[in-house]
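Quick notes on the structure that follows.
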Amino acid sequence: MFHSLETRIQSAFRACLADKFGVQLDIAGFDIVIEQPKQTSFGDLALPVAFQLAKSLKQAPRKIAADLVEAVGTIPGVAAMEIAGNGYINVRLDRGAFGAALLSGGPEAVAAADPGKTIVEHTNINPNKAAHIGHLRNAVLGDTFVRMLRTAGRTVEVQNYIDNTGVQVADVVVGFHFLEHKTPADVAALIAADSKHARFDYLCWDLYARTSQYYKDNPDSLAWRAQTLHEVEAGHGELAEMAHLVADAIVDCHLATMLRLGIRYNVLPRESEILHLKFWASCFELLKERKAIYFEEEGKNKGCWVMPSSAFRGADEANEDSKVIVRSNGIVTYVGKDIAYQLWKFGLLGKDFFYKPHTAYPDGQQVWVSTATPQSETSQIENQAPAFGKADTVYNVIDVRQSYLQDVVVAGLRALDFEQQAERSIHFSYEMVALSPRCCADLGIELSEEDAKRPYVEVSGRKGLGVKADDLMDKLIESALGEVASRHAEDPVETQRAVATEIAMGALRYFLLKFTRTTVIAFDFQEALSFVGETGPYVQYATVRARNILKKLQERGEALPDFGTELSAESMARQLANEDAWQMLLVASKVGSALDRAIATGEPAHLAKYAFLLAQTFSNFYQEFPILIEPDREKKVFLLWMTGFFARQLERTLAILGITVPVYM
RNA sequence: GCGCCCGUAGCUCAGUUGGAUAGAGCGGCUGGCUUCGAACCAGUAGGUCGGGAGUUCGAAUCUCUCCGGGCGCACCA
Numbered sequence: 285m286f287h288s289l290e291t292r293i294q295s296a297f298r299a300c301l302a303d304k305f306g307v308q309l310d311i312a313g314f315d316i317v318i319e320q321p322k323q324t325s326f327g328d329l330a331l332p333v334a335f336q337l338a339k340s341l342k343q344a345p346r347k348i349a350a351d352l353v354e355a356v357g358t359i360p361g362v363a364a365m366e367i368a369g370n371g372y373i374n375v376r377l378d379r380g381a382f383g384a385a386l387l388s389g390g391p392e393a394v395a396a397a398d399p400g401k402t403i404v405e406h407t408n409i410n411p412n413k414a415a416h417i418g419h420l421r422n423a424v425l426g427d428t429f430v431r432m433l434r435t436a437g438r439t440v441e442v443q444n445y446i447d448n449t450g451v452q453v454a455d456v457v458v459g460f461h462f463l464e465h466k467t468p469a470d471v472a473a474l475i476a477a478d479s480k481h482a483r484f485d486y487l488c489w490d491l492y493a494r495t496s497q498y499y500k501d502n503p504d505s506l507a508w509r510a511q512t513l514h515e516v517e518a519g520h521g522e523l524a525e526m527a528h529l530v531a532d533a534i535v536d537c538h539l540a541t542m543l544r545l546g547i548r549y550n551v552l553p554r555e556s557e558i559l560h561l562k563f564w565a566s567c568f569e570l571l572k573e574r575k576a577i578y579f580e581e582e583g584k585n586k587g588c589w590v591m592p593s594s595a596f597r598g599a600d601e602a603n604e605d606s607k608v609i610v611r612s613n614g615i616v617t618y619v620g621k622d623i624a625y626q627l628w629k630f631g632l633l634g635k636d637f638f639y640k641p642h643t644a645y646p647d648g649q650q651v652w653v654s655t656a657t658p659q660s661e662t663s664q665i666e667n668q669a670p671a672f673g674k675a676d677t678v679y680n681v682i683d684v685r686q687s688y689l690q691d692v693v694v695a696g697l698r699a700l701d702f703e704q705q706a707e708r709s710i711h712f713s714y715e716m717v718a719l720s721p722r723c724c725a726d727l728g729i730e731l732s733e734e735d736a737k738r739p740y741v742e743v744s745g746r747k748g749l750g751v752k753a754d755d756l757m758d759k760l761i762e763s764a765l766g767e768v769a770s771r772h773a774e775d776p777v778e779t780q781r782a783v784a785t786e787i788a789m790g791a792l793r794y795f796l797l798k799f800t801r802t803t804v805i806a807f808d809f810q811e812a813l814s815f816v817g818e819t820g821p822y823v824q825y826a827t828v829r830a831r832n833i834l835k836k837l838q839e840r841g842e843a844l845p846d847f848g849t850e851l852s853a854e855s856m857a858r859q860l861a862n863e864d865a866w867q868m869l870l871v872a873s874k875v876g877s878a879l880d881r882a883i884a885t886g887e888p889a890h891l892a893k894y895a896f897l898l899a900q901t902f903s904n905f906y907q908e909f910p911i912l913i914e915p916d917r918e919k920k921v922f923l924l925w926m927t928g929f930f931a932r933q934l935e936r937t938l939a940i941l942g943i944t945v946p947v948y949m
């Protein structure tokens, strides 16, 4: 609601500048900025536009501001505009009209939705071990961004890429076969025996670390990896069979882990199909045909197909460090395959996967997985896969350390003349999750002397160094359960546990979202386990309290008023003359603005911050206005309406963050 | 060596794209449950925005430079 007013004011000023001042903003190089005044007493909105115009119009900002206010005239919903300071235009809204519009559920201006499809790829965990805290940051960030885009009206497809034929899977297979002398049947038995106390993904976590260490101690054993990779690629033999067993089982583990946090996918494109359907071959032809890569005849890259560095670096340091795309032995590198995959996402490869149903979520939503062969024609209609890929915008949620490779992929598109798609390939990067030294101590991890001096230590699957996602969630649930039990001892244990789970997941999601993407999270149990202050549970608690007031009203035998008939615009104006109530309503009506800004900046953290502000504001409201015992009827009805409005706004915001609201706290 | 990111209160972090007196949480101190549940609220202390120079009406924000920290720069993924 607030957001549509903002845009209305913006366009009024824009039009006025064009018509009466001859200023075209797109030419002038700036747009009308609307900000929140430093002090609430200044007004509801502030425009510093006069400052920006001062130079080109060669007039004092104060005078420009005055002329501008005069020229703009009246704007619906705006009560007054005043000049302040050196030339600020402070806007005061028509409170009664604002409240009335909110009450009637006035049209929330939905930004003209992009008609095309957006792909967001996230999670992408190598299917060879349990997920850890770093993977959670990726998935929560990606999932939240998806929710943001969908709320804004965009069509979004969520992809989770599965590298089931890579080195990491091979290393676990090496561990099973060469170190533990297990057969595929043995591994299948381990998978079947998977339970809380013998988790297959945890077992692989340890085995992977052990294999990595073994390579270090016995470098000759790396030949096992090469042999395994070779057989996996060829697609037959015991090692290949085992790789399939491991990868498929671990993918199921990951999906289950992520579902605990409400994270879902539409499709799982797999590396094995990229190989079998020869995606690379098509891409290779295209790259050669359009001269995006060339065959190196000399130097250290002799015999390789390379992309010149000028394609992905500044032109100044051309000829330096070209990127090898195809090795001298004829095998394509990871980046090469990634270019093919990126082309597929845009529907530019001229090839597609086949698909089959993988799993269904409890509500029936289907996850699809790629296959190399068409589904049989007897398949039922519900087995018909939707059209995947063919996006016009692609977000790849990948940590910042892969920036260089993402640049090469985009350069590949550009070199193929897919300029627009290159422009719309967005590396949604984020910093890593590291472990604080104290956290390592908590985990009983011994650090080398130099590591101990560092501000934080990088998580490493290879070293088995990290906090497993499910362990962390379990720990959070236990902690939350303690809090719940102390307040609701009389309640059935199952309900207590369900509530504790929602609180724990809310805490975890919020914790991972409150940091901006460029911030390294030095993970700390104490902070992550906190339920007070700027946390998910704080926001959930505010929502539960708002609901409780309305519930209490009915428990006392009072009906919820019919706000439409009891609250006229006049009574809204009367009630909103109360400065505190007005300021609180303003904050509560800014979900749209907050979402818009968070999408524009690509920072889910901004929305998380707003959720906290909203909850804080409600807590103040709760404290300041006793509602149920309010003697004045009009005021009571108004306060009840505010309470409901707060509850809805809190629920909306939390839903976008993927945080649920427990029945009680 | 080159590139990217970070440096803001004791600690952990925001800062609406250059705007008004730099904010929040935690921790510290003081106070508030016989009220719609205190996982809450109110008050208070705490700042050369890493240092320096520049750009302009105006800089935590942009430029340069120095200092400190992190991450990249494979015929690995």
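So in the working numbering the end of the first sequence lands on 949, straight run, no missing numbers.
For every residue, glycine included, the Cβ atom is placed at its ideal position computed from N, Cα and C.
All values derive from a computational prediction rather than experimental measurement.
#1: Could I get the ranges of all uninterrupted beta strand (DSSP E) runs contained in the stretch 546-634, with 3 residues as the minimum, in chain order?
#2: Could you tell me how far apart the beta carbons of F563 and L633 are, in whole angstroms, since I believe they sit closer than 8 Å?
#3: Who are the near neighbours of Q626 in its chain, counting only those whose CB is closer than 6 Å to its CB and skipping five residues on each side?
#4: Taking buried to mean at least 16 other C-beta atoms within 10 Å of its own C-beta, is H520 buried or exposed?
#5: Measuring only the C-alpha atoms, how far is Y645 from W866?
#6: Hey, which unbroken runs of the beta strand (DSSP E) at 3 residues or more fall wholly within the stretch 768-813?
#7: Below 8 Å CB to CB, which residues in the same chain sit around Q950 once its five sequence neighbours on both sides are set aside?
#8: Beta-carbon within less than 7 Å of A576's beta-carbon, same chain only, minus the 5 sequence neighbours each way: which residues are those?
#9: Expressed to the nearest angstrom, what Euclidean distance is found between the alpha-carbon atoms of E555 and L539?
#10: Per DSSP, N680 forms a beta bridge with which residues?
#11: Give a yes or no on contact between the stretch 908-923 and the stretch 400-410, applying the rule of three or more CB pairs nearer than 8 Å.
#12: Could you check which residue in I710, V530 and P739 has the C-alpha nearest to that of M686?
#13: For a quick check, are the C-beta atoms of V362 and I293 less than 9 Å apart?
#14: Going along the chain, which residues of its own chain have a beta-carbon closer than 8 Å to the beta-carbon of V516, five neighbours each way excluded?
#15: My output table needs one value for A368: the three-state DSSP class, helix, strand or coil.
#16: For E850, which residues does DSSP report across the bridge?
#17: Buried or exposed: P670, going by 16 or more other Cβ atoms within 10 Å of its Cβ?
#18: Please name the residue, chosen from S713, D726, Q443 and E573, that lies closest to W628 on a Cα-to-Cα basis.
#19: Using DSSP with H/G/I as helix, E/B as strand and the rest coil, what is V317?
#20: At the level of alpha carbons, what is the spacing between V681 and E854?
#21: Am I right that L765 and R746 are in contact with their C-beta atoms under 8 Å? What's the rounded C-beta distance?
#22: Report the three-state DSSP secondary structure of D718 (helix, strand or coil).
#23: State the beta-bridge partners of V375 as determined by DSSP.
#24: Put H538 into one of helix, strand or coil per three-state DSSP.
#25: Have a look at the DSSP bridge pairing and note the partners of S479.
#26: Which runs of the alpha helix (DSSP H) fall wholly inside the stretch 502-526 and span at least 4 residues, in chain order?
#27: Return the chain-ordered list of same chain residues with a C-beta closer than 8 Å to the C-beta of R509, the five sequence neighbours on each side being excluded.
#28: Tell me the DSSP secondary structure of F638 in three-state form.
#29: Select from L513, L463, D504 and S479 the residue whose C-alpha is nearest the C-alpha of A493.
#30: Count the other CB atoms within 10 Å of the CB of Q859; is the residue buried (16 or more) or exposed (fewer)?
#31: Identify, in the order they occur along the chain, each residue of the same chain with its Cβ nearer than 7 Å to the Cβ of L474, setting aside the five sequence neighbours on each side.
#32: Do V424 and L545 count as a contact pair if the criterion is CB distance below 9 Å?
#33: My parser needs the beta strand (DSSP E) runs of 3 or more residues fully inside the stretch 401-449; what are they?
#34: Return the CA-CA distance between D808 and D754, expressed in angstroms with no decimal places.
#35: Can you check DSSP and say which residues form a bridge with W652?
#36: What three-state label does DSSP hand L844 in the structure shown?
The structure says:
#1: 589-591 and 607-610
#2: For the purposes of this step, residue 563 is taken as the residue at position 279 of the first sequence. For the purposes of this step, residue 633 is taken as the residue at position 349 of the first sequence. Right, their Cβ atoms sit about 6 Å apart.
#3: As a first step, residue 626 is located in the first sequence; it is residue number 342 there, counting from the start. Contacts found: V693.
#4: The count along the first sequence starts at 1 and reaches residue 520 at position 236. Exposed.
#5: Numbered from 1 along the first sequence, position 361 holds the residue referred to as residue 645. Numbered from 1 along the first sequence, position 582 holds the residue referred to as residue 866. So the two alpha carbons sit approximately 43 Å from each other.
#6: 805-807
#7: Because the chain in this structure spans residues 285 to 949, residue 950 falls outside the shown range and cannot be described.
#8: Position 292 of the first sequence, counted from the first residue, corresponds to residue 576. In the same chain as A576, and ignoring 5 residues on each side of it, the C-beta atoms closer than 7 Å to its own belong to M591, G696, A699 and L700, in chain order.
#9: Indexing the first sequence from 1 puts residue 555 at position 271. Indexing the first sequence from 1 puts residue 539 at position 255. Cα to Cα, the separation comes out at about 17 Å.
#10: In the first sequence, residue 680 corresponds to position 396, counting from 1. Paired residues: E405 and H711.
#11: Too few Cβ pairs lie closer than 8 Å, so no.
#12: One-based indexing of the first sequence puts residue 686 at position 402. Met is not the amino acid found at residue 686; the sequence shown has Gln there. Selected option, being the one with the closest Cα: I710.
#13: The count along the first sequence starts at 1 and reaches residue 362 at position 78. The count along the first sequence starts at 1 and reaches residue 293 at position 9. Contact flag set, yes.
#14: As a position in the first sequence, residue 516 is number 232, starting the count at 1. If we look at V516 and ignore the five residues flanking it on each side, its Cβ neighbours are T449, V453, A454, V457, L523, A524 and A527.
#15: Translated into the one-based positions of the first sequence, residue 368 becomes position 84. In the structure shown, A368 sits in a strand (DSSP, three-state: E or B).
#16: On the first sequence, residue 850 is found 566 positions in, with the first residue counted as 1. Note: E850 sits in no beta bridge, so no partner.
#17: Numbered from 1 along the first sequence, position 386 holds the residue referred to as residue 670. Under a 10 Å Cβ-count criterion, P670 is classified as exposed, with fewer than 16 other Cβ atoms of the shown protein chains found around its own Cβ.
#18: Residue 628 sits at position 344 when you count from the first residue of the first sequence. Looking at the Cα atoms, Q443 is the closest of the given residues.
#19: Locating residue 317 in the first sequence gives position 33, counting from the first residue. Looking at V317 - three-state DSSP - the assignment turns out to be coil, as it is neither helix nor strand.
#20: Numbered from its first residue, the first sequence carries residue 681 at position 397. Numbered from its first residue, the first sequence carries residue 854 at position 570. Computed Cα separation, rounded: 50 Å.
#21: The residue you call residue 765 lines up with position 481 of the first sequence. The residue you call residue 746 lines up with position 462 of the first sequence. Actually they do not touch by this definition, with Cβ atoms about 34 Å apart.
#22: For this step, residue 718 is matched to residue 434 along the first sequence. The residue asked about is misnamed: residue 718 is Ala in this sequence, not Asp. In this structure, A718 counts as strand in the three-state DSSP scheme.
#23: Taking the first sequence and counting its residues from 1, the one referred to as residue 375 is at position 91. In the DSSP output, where bridge partners are listed per residue, V375 has L329 and M365.
#24: For the purposes of this step, residue 538 is taken as the residue at position 254 of the first sequence. In this structure, H538 counts as helix in the three-state DSSP scheme.
#25: What you label residue 479 is simply residue 195 of the first sequence in a count that begins at 1. Its beta-bridge partners are A482.
#26: The DSSP assignment places complete alpha helix (DSSP H) segments of no fewer than 4 residues inside the stretch 502-526 at 506-518, in order along the chain.
#27: For the purposes of this step, residue 509 is taken as residue 225 along the first sequence, with counting starting at 1. Cβ within range, chain order: V451, A454, D455, V458 and Y499.
#28: As a position in the first sequence, residue 638 is number 354, starting the count at 1. Correct three-state label for F638: strand.
#29: Taking the first sequence and counting its residues from 1, the one referred to as residue 493 is at position 209. Looking at the Cα atoms, L463 is the closest of the given residues.
#30: Position 575 of the first sequence, counted from the first residue, corresponds to residue 859. By the beta-carbon neighbour count (other beta carbons within 10 angstroms, threshold 16), Q859 is buried.
#31: Numbered from its first residue, the first sequence carries residue 474 at position 190. Sequence-distant Cβ neighbours of L474 in its own chain, meaning closer than 7 Å and more than five residues away, are F484 and L487.
#32: On the first sequence, position 261 is the one that residue 545 refers to. On the first sequence, position 140 is the one that residue 424 refers to. Cβ distance < 9 Å, so L545 and V424 count as in contact.
#33: Entirely contained in the stretch 401-449, the beta strand (DSSP E) runs reaching 3 residues are, in chain order, 401-405 and 439-443.
#34: The count along the first sequence starts at 1 and reaches residue 808 at position 524. The count along the first sequence starts at 1 and reaches residue 754 at position 470. Roughly 16 Å separates the two Cα atoms.
#35: On the first sequence, residue 652 is found 368 positions in, with the first residue counted as 1. DSSP lists V551 and P641 as partners of W652.
#36: Locating residue 844 in the first sequence gives position 560, where the first residue counts as 1. Correct three-state label for L844: coil.
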